[in-house]
Ligand SMILES: Cc1cc2nc3c(=O)[nH]c(=O)nc-3n(C[C@H](O)[C@H](O)[C@H](O)COP(=O)(O)OP(=O)(O)OC[C@H]3O[C@@H](n4cnc5c(N)ncnc54)[C@H](O)[C@@H]3O)c2cc1C
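Numbering (this note's numbering), first residue to last: 1076 to 1572.
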């Protein structure tokens, strides 16, 4: 495609909308300016794009029809689930010259749970099903769908898979990819690719499913999935603890892993400055906050006695109180108390946003190097950016932290805004040095320049080639993940460096 087709006459605009209405029905082609504006704004409210229309197909065949039509008519298609992407992945690029040709493809009507096979431990769903509903359906069937994160009440299965979401249970169950056995995908040219297998062993050639998962809407539109369900734990023991110092987290984690094995289902690290806005907003910590805290879950099965399990946990932890690894700890006595402890963790992003926001880095490094990474970056902050207030929290068990950085109160809450780019660079350079990932679980989205600066050139070249194979016309979510030569939508100004 060339930039000469970026403009659209009013006559062409009306004709395209009419033809789309003929295919989907007028009710499912939304041209209301307010609705388009809302759907074109990213979840962090930082990028207001524009679009020609919102499309709400009801079947994979209608998705196929849209993509065939878009290919023929040089229209851009952005698949959109719950629009909770934190990296601008599900909304149009604000500076794109081709927003007039952009269709936002919303999967929300395709939201059925198609069936549960309790013996196989699988659930078949349409891509627009909301994650929380899927979790509830699994529970009703006596099973667990373990992918879980704060946006689960809005995020959809298609979006979750396209983003290969992680969340709080990765330490035990892995990311979305590990919890999905099959998918159906509509390709950019409108062909429907059926990869709806529900087996756990399949070495018959390349694993195309795993390629689409995590492709952020750039290789195809996911329309259905076979989800892998796990055994439902009978309950959990939730503990909120304060550490003697940062390095104590290593000893606590390995002690718990040795003690609990696969029962360790979540392990989060929280720094004091990350928790403070939650406390300031009215929540109460169960113990005196220290510089570094942890929140973890141990799940138990039906055959385990919860009281005996809690007692043996206390025994396992008691040496850690004696040697100063742990300063204090609160064990939830009821599920309501456990939920209250998790609320402290889950409200961090909203409370931080309300208190002035911060620079967001979604990074991972090998767990064994995570403390060294934190210590080294903190030293650099002291000399190179003494105004920074690190507000770190996240999934220590996965080596993944939300390495978020605000400004110290003396500098004013929004001081960080003028320094975002240089701080991202500093953090990303350290991440690369420690052998980590600059996009650990939220995906790449609009951060394509970050990838270009940090990825091995050969790896990047192969990614671009793959993108060209699946979407030769460049109609799917342009300017996201990786660019390729015809990617006329990419505007370097927009990228996060
Ligand atoms: C408060 C909050 C907390 C979060 N916490 C976590 C966390 O702990 N761990 C974590 O991993 N993530 C987290 N996220 C990010 C979350 O994983 C993603 O936002 C979510 O998985 C995306 O689902 P969605 O339906 O909203 O997709 P969208 O945001 O709509 O889309 C995400 C990407 O997928 C593409 N896409 C959407 N649907 C399809 C489809 N059917 N086919 C192909 N491509 C599609 C879009 O084009 C876009 O690139 C959090 C987000 C928020 C807002």
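The C-beta atom is built at its ideal place from N, Cα and C for all residues, glycine as well. Here the structure is a predicted model, which means the values were calculated and not measured.
May I ask you to report which of helix, strand or coil DSSP gives residue i?
{"i": "residue 1368", "result": "strand"}
{"i": "residue 1235", "result": "helix"}
{"i": "residue 1394", "result": "helix"}
{"i": "residue 1415", "result": "helix"}
{"i": "residue 1576", "result": "Summary: the structure shown does not reach residue 1576, with the chain confined to residues 1076 through 1572, and so no result is reported for it."}
{"i": "residue 1429", "result": "helix"}
{"i": "residue 1377", "result": "coil"}
{"i": "residue 1439", "result": "strand"}
{"i": "residue 1389", "result": "helix"}
{"i": "residue 1291", "result": "coil"}
{"i": "residue 1485", "result": "helix"}
{"i": "residue 1601", "result": "Missing from the structure shown is residue 1601; the chain here goes from 1076 to 1572 and no further."}
{"i": "residue 1084", "result": "coil"}
{"i": "residue 1469", "result": "strand"}
{"i": "residue 1112", "result": "helix"}
{"i": "residue 1533", "result": "helix"}
{"i": "residue 1041", "result": "An answer regarding residue 1041 cannot be provided, because it is not within the stretch 1076 to 1572 covered by the chain."}
{"i": "residue 1285", "result": "helix"}
{"i": "residue 1403", "result": "strand"}
{"i": "residue 1218", "result": "strand"}
{"i": "residue 1506", "result": "helix"}
{"i": "residue 1093", "result": "helix"}
{"i": "residue 1362", "result": "coil"}
{"i": "residue 1553", "result": "coil"}
{"i": "residue 1305", "result": "strand"}
{"i": "residue 1310", "result": "strand"}
{"i": "residue 1408", "result": "coil"}
{"i": "residue 1321", "result": "coil"}
{"i": "residue 1420", "result": "helix"}
{"i": "residue 1230", "result": "coil"}
So if DSSP puts residue i in a beta bridge, which residue, or which two residues, is it bridged to?
{"i": "residue 1154", "result": "1180"}
{"i": "residue 1541", "result": "Partner(s): none; residue 1541 has no beta bridge."}
{"i": "residue 1343", "result": "1370"}
{"i": "residue 1185", "result": "Answer by DSSP bridge pairing: none, since residue 1185 is not bridged."}
{"i": "residue 1434", "result": "1480"}
{"i": "residue 1299", "result": "1201, 1259"}
{"i": "residue 1130", "result": "1104, 1180"}
{"i": "residue 1475", "result": "1439, 1470"}
{"i": "residue 1267", "result": "1261"}
{"i": "residue 1512", "result": "1439"}
{"i": "residue 1242", "result": "1223"}
{"i": "residue 1520", "result": "Per DSSP, none; premise fails for residue 1520."}
{"i": "residue 1463", "result": "1482"}
{"i": "residue 1123", "result": "1116"}
Shorter than 7 angstroms, the distance from the beta carbon of residue i to the closest heavy atom of ligand 1, or not?
{"i": "residue 1466", "result": "no"}
{"i": "residue 1154", "result": "yes"}
{"i": "residue 1249", "result": "no"}
{"i": "residue 1296", "result": "yes"}
{"i": "residue 1517", "result": "yes"}
{"i": "residue 1313", "result": "no"}
{"i": "residue 1231", "result": "yes"}
{"i": "residue 1226", "result": "yes"}
{"i": "residue 1219", "result": "no"}
{"i": "residue 1302", "result": "no"}
{"i": "residue 1555", "result": "yes"}
{"i": "residue 1307", "result": "no"}
{"i": "residue 1124", "result": "no"}
{"i": "residue 1165", "result": "yes"}
{"i": "residue 1599", "result": "Within the shown structure, residues of the chain are numbered from 1076 to 1572, placing residue 1599 beyond reach of any answer."}
{"i": "residue 1237", "result": "yes"}
{"i": "residue 1182", "result": "yes"}
{"i": "residue 1383", "result": "no"}
{"i": "residue 1520", "result": "yes"}
{"i": "residue 1424", "result": "yes"}
{"i": "residue 1240", "result": "yes"}
{"i": "residue 1171", "result": "no"}
Just checking residue i against ligand 3 - is the residue's beta carbon closer than 7 angstroms to any of the ligand's heavy atoms?
{"i": "residue 1436", "result": "As far as ligands go, the structure on display features ligand 1 and does not contain ligand 3."}
Problem set entry | Cβ contact check for the stretch 1519-1527 and the stretch 1271-1284: 3 or more pairs under 8 angstroms | no
Exercise. Does the count of Cβ pairs from the stretch 1487-1498 and the stretch 1382-1399 closer than 8 angstroms reach three?
Worked result: no
Exercise. Between the stretch 1463-1480 and the stretch 1226-1244, are three or more C-beta pairs nearer than 8 angstroms?
Worked result: yes
Problem set entry | Segment contact flag, the stretch 1225-1233 with the stretch 1191-1207, C-beta cutoff 8 angstroms, min 3 pairs | yes
Exercise. Taking three-plus beta-carbon pairs below 8 angstroms as touching, is the stretch 1286-1300 in contact with the stretch 1248-1262?
Worked result: yes
For this session: Answer yes if the stretch 1398-1415 comes into contact with the stretch 1347-1357, meaning at least three C-beta pairs across the two stretches below 8 angstroms, and no otherwise.
Result: With the cut-off at 8 angstroms, the stretch 1347-1357 and the stretch 1398-1415 do not touch.
Problem set entry | Cβ contact check for the stretch 1402-1411 and the stretch 1374-1381: 3 or more pairs under 8 angstroms | no
Exercise. Should the stretch 1142-1152 be called in touch with the stretch 1546-1555, which here means at least 3 C-beta pairs below 8 angstroms?
Worked result: yes
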